[in-house]
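Per numbering that gives the first Met the number 0, the sequence shown runs over residues 0 to 355.
Just so you know, even glycine gets a beta-carbon here, dropped at the ideal spot from N, CA and C.
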Amino acid sequence: MSIWEVILAFVVVVLMLVALLANVLVLMCFLYSADIRKQVPGLFILNLTFCNLLMTVSSMPLTLAGIIYKRQPGGDQICHVVGFLETFLTTNSMLSMAALSIDRWIAVVFPLSYHSKMRYRDAALILSYTWLHSVSFPIVAASLSWVGFHHLYASCTLYNKRPEDRTQFVIFTGVFHTLSFLLSLIVLCFTYLKVLKVARFHCKRIDVITMQTLVLLVDIHPSVRERCLEEQKRRRQRATKKISTFIGTFILCFAPYVITRLVELSSVIPINSHWGIISKCLAYSKVVSDPFVYSLLRNQLREVVAGAVSLPQPSYTHGRLLCASSLLLQRAIGAWSCRLHQDQSPIDFHQQLHTE
């Protein structure tokens, strides 16, 4: 093995371990917390977690073996099954992320009608579509014998060995990536940009109310005033950072692999085998990042983990005083907001973009 192959094998091992631990932790949180199970987005996160776990235990080990031994690990039947699962799970995870973005878009843009628009039955219908959509492509590929071990990626994946089927395989691959990667990316961009627009509107509205309240409360403690101004500054950036993370990780992890697969079909630019494996590792890294991006970095999940392991919560007198002062200020802001907006409908604004 060359030094590059040793490094790539080590990277795959690290990705496998971190992905396994992180996704199992998300699954444990889902099983431990009844509140998370009651939430509709929990179904999408659970589906995404199962896809990530199956990808970790099925596709990644064979890629590791392919890097080490430089040949197909196991027999043809095993490789066909793993290639089928890899195609299905990748598409399913992409569509699950798109479903999560639709859920958050409805929650933020239509907060008053969210519970009527997104029920468990609606989530189950969306998941049923993602499964049917995802399984259709590997079924077609398997029936046409377009699944096998690809040396460029050291993986069992979509692969055509027959030159006479090249045109059909090129069309199939283009349609597959269009209806999986590109479709999910369009949904993510549309929904999250709409969410960002609403979030910025609410941030400006809260900032106006906060400044008006601070002007009225002339005797407020300076430390509380500074804390409110700092929170006001962080609030402006929080939604942008979170949405950039959702879209950015999707593009960074999947785009190199998808582009490499499409360039490979053109046969114009030769692709280095090391780059093929690197692009595959980037796609695998989405399995690692998803638990943190969609679950473990949320306040609710952190509280569940802390409660599960019985972590002691820090307590400081000064911190309690600041929290109490901030609570009083928040109540004052709420009262002032009611006076300013008595003629407006109440907004049950989704808290994920501002509190997590």
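With 16 other Cβ atoms within 10 Å as the buried cut-off, status of Asn-271: By one-based count along the sequence shown, residue 271 stands at place 272. Looking at its Cβ environment, which holds fewer than 16 other Cβ atoms inside 10 Å, Asn-271 is exposed.
What is the rounded straight-line gap between the Cα of Tyr-191 and the Cα of His-176? The residue labelled residue 191 in the question sits at position 192 within the sequence shown. The residue labelled residue 176 in the question sits at position 177 within the sequence shown. If you take the alpha carbons of Tyr-191 and His-176, they lie about 21 angstroms apart.
Pick helix, strand or coil for Leu-19, following the three-state DSSP scheme. What you label residue 19 is simply residue 20 of the sequence shown in a count that begins at 1. DSSP places Leu-19 in helix when its eight states are reduced to three.
Option in Thr-244, Arg-237 and Trp-274 with minimal Cα separation from Pro-255: Taking the first residue of the sequence shown as 1, we reach residue 255 at position 256. Comparing alpha-carbon positions, the option among Thr-244, Arg-237 and Trp-274 lying closest to Pro-255 turns out to be Trp-274.
Check His-114 in the structure and name its three-state DSSP category. In the sequence shown, counting from the first residue as 1, residue 114 sits at position 115. If DSSP states are grouped into helix, strand and coil, His-114 belongs with the helices.
Within its chain, find whatever has a CB closer than 7 angstroms to the CB of Phe-168; leave out the 5 residues flanking it on each side and keep chain order. Mapped onto the sequence shown, residue 168 falls at position 169. Non-local beta-carbon contacts of Phe-168 in its own chain, meaning distances under 7 angstroms to residues more than five positions away in sequence, involve Trp-145 and Asn-159 in chain order.
What are the boundary residues of the alpha helix (DSSP H) that includes Leu-178? Reading the sequence shown from its first residue, position 179 is the one you call residue 178. Where Leu-178 is concerned, there is no enclosing alpha helix (DSSP H), given that its DSSP letter is neither H nor E.
So is Ser-1 buried or exposed if we call it buried at 16+ other beta carbons inside 10 Å? In the sequence shown, residue 1 corresponds to position 2, counting from 1. Ser-1 comes out exposed.
Cβ of Leu-45 less than 8 angstroms from any chain D Cβ? In the structure shown, chain D cannot be found, because there is only a single protein chain.
Reduced DSSP secondary structure (H/G/I, E/B, other) of Ala-132: Looking up residue 132 in the sequence shown gives position 133. One detail in the question is off: residue 132 reads as His in this sequence, not Ala. His-132 falls in the helix class under three-state DSSP.
Kindly give me the distance between the Cβ atoms of Leu-195 and Thr-239, rounded to whole angstroms, as I take these residues to be in contact under 8 angstroms. As a working mapping, residue 195 is identified with position 196 in the sequence shown. As a working mapping, residue 239 is identified with position 240 in the sequence shown. A Cβ-Cβ distance of about 7 angstroms is found for the pair Leu-195 and Thr-239, placing them in contact under the 8 angstroms criterion.
Phe-136 beta carbon less than 8 angstroms from that of Leu-187: In the sequence shown, the residue the question calls residue 187 occupies position 188. In the sequence shown, the residue the question calls residue 136 occupies position 137. Not a contact, by the Cβ cut-off of 8 angstroms.
In the region 229-275, which residue ranges form an unbroken beta strand (DSSP E) of at least 3 residues, counting only runs that do not cross its ends? The region 229-275 contains no whole beta strand (DSSP E) run of 3 or more residues.
Name the DSSP beta bridge partners of Cys-155, please? As a working note, residue 155 is residue 156 in the sequence shown. Under DSSP, Cys-155 shares a beta bridge with Phe-148.
Could you give the first and the last residue of the continuous alpha helix (DSSP H) run that contains Asp-34? Along the sequence shown, read from residue 1 onward, the residue named residue 34 stands at position 35. Per DSSP, Asp-34 belongs to the alpha helix (DSSP H) from 33-37.
Run the CB neighbour count on Leu-111, radius 10 Å, all protein chains shown included, and call it buried at 16 or more, exposed below. To locate residue 111, count along the sequence shown from 1; it is residue 112. With fewer than 16 other CB atoms across the displayed protein chains lying within 10 angstroms of its CB, Leu-111 is exposed.
Under three-state DSSP, which class holds Pro-162? For this step, residue 162 is matched to residue 163 along the sequence shown. Pro-162: helix per DSSP, three-state reduction.
Taking its Cβ as the centre, do 16 or more other Cβ atoms sit within 10 Å of Phe-87, making it buried, or is it exposed? Indexing the sequence shown from 1 puts residue 87 at position 88. So Phe-87 ends up on the buried side.
Going by beta-carbon coordinates alone, are Leu-182 and Gly-82 separated by less than 8 angstroms? Position 183 of the sequence shown, counted from the first residue, corresponds to residue 182. Position 83 of the sequence shown, counted from the first residue, corresponds to residue 82. Cβ atoms of Leu-182 and Gly-82: not closer than 8 angstroms.
If you check the beta carbons only, do Ser-154 and Gly-65 fall under 8 angstroms apart? Working through the sequence shown from its first residue, we reach residue 154 at position 155. Working through the sequence shown from its first residue, we reach residue 65 at position 66. The answer is yes: Cβ separation under 8 angstroms.
Counting only the same chain and skipping the five closest in sequence on each side, list residues whose C-beta sits under 6 angstroms from that of Lys-285. What you label residue 285 is simply residue 286 of the sequence shown in a count that begins at 1. Closer than 6 angstroms at the Cβ level, and outside the excluded window around Lys-285, lie Cys-252.
Less than 8 angstroms between the beta carbons of Gln-134 and Leu-63, yes or no? In the sequence shown, counting from the first residue as 1, residue 134 sits at position 135. In the sequence shown, counting from the first residue as 1, residue 63 sits at position 64. Per the sequence shown, the amino acid found at residue 134 is Val instead of Gln. Cβ distance not < 8 angstroms, so Val-134 and Leu-63 don't count as in contact.
Excluding the 5 residues flanking Thr-172 on each side, which residues of the same chain have their C-beta closer than 8 angstroms to its C-beta? Here residue 172 is taken as the residue at index 173 of the sequence shown, counted from 1. Answer for Thr-172: Leu-157, Arg-260, Leu-261 and Leu-264, listed in chain order.
What are the boundary residues of the alpha helix (DSSP H) that Leu-61 is part of? Mapped onto the sequence shown, residue 61 falls at position 62. Element bounds for Leu-61: 40-68.
Could you give the distance in angstroms between the alpha-carbon of Ala-283 and the alpha-carbon of Glu-163? Taking the first residue of the sequence shown as 1, we reach residue 283 at position 284. Taking the first residue of the sequence shown as 1, we reach residue 163 at position 164. Residue 283 is actually Tyr in this sequence, not Ala. Spanning the alpha carbons of Tyr-283 and Glu-163 requires a straight line of approximately 31 angstroms.
Could you check where the alpha helix (DSSP H) with Met-0 kicks off and where it finishes? For the purposes of this step, residue 0 is taken as the residue at position 1 of the sequence shown. Note, Met-0: premise wrong, no alpha helix (DSSP H); not H, not E.
DSSP three-state label for Leu-14, please. As a working mapping, residue 14 is identified with position 15 in the sequence shown. Helix at Leu-14.
As assigned by DSSP and simplified to three states, the class of Gln-167: Start at 1 with the first residue of the sequence shown, and residue 167 comes out as number 168. The answer is helix: DSSP assigns Gln-167 an H, G or I state.
Ignore the nearest five residues each way along the sequence and tell me which others in Ser-294's own chain have a CB closer than 8 angstroms to its CB. Along the sequence shown, read from residue 1 onward, the residue named residue 294 stands at position 295. Hits under 8 angstroms: Val-25, Cys-28, Ile-44, Thr-48 and Leu-300.
Going by the beta-carbon positions, is the gap between Ser-197 and Val-107 smaller than 8 angstroms? In the sequence shown, counting from the first residue as 1, residue 197 sits at position 198. In the sequence shown, counting from the first residue as 1, residue 107 sits at position 108. Checking the sequence shown, residue 197 turns out to be Val, not Ser. In contact: Val-197 and Val-107 (Cβ atoms closer than 8 angstroms).
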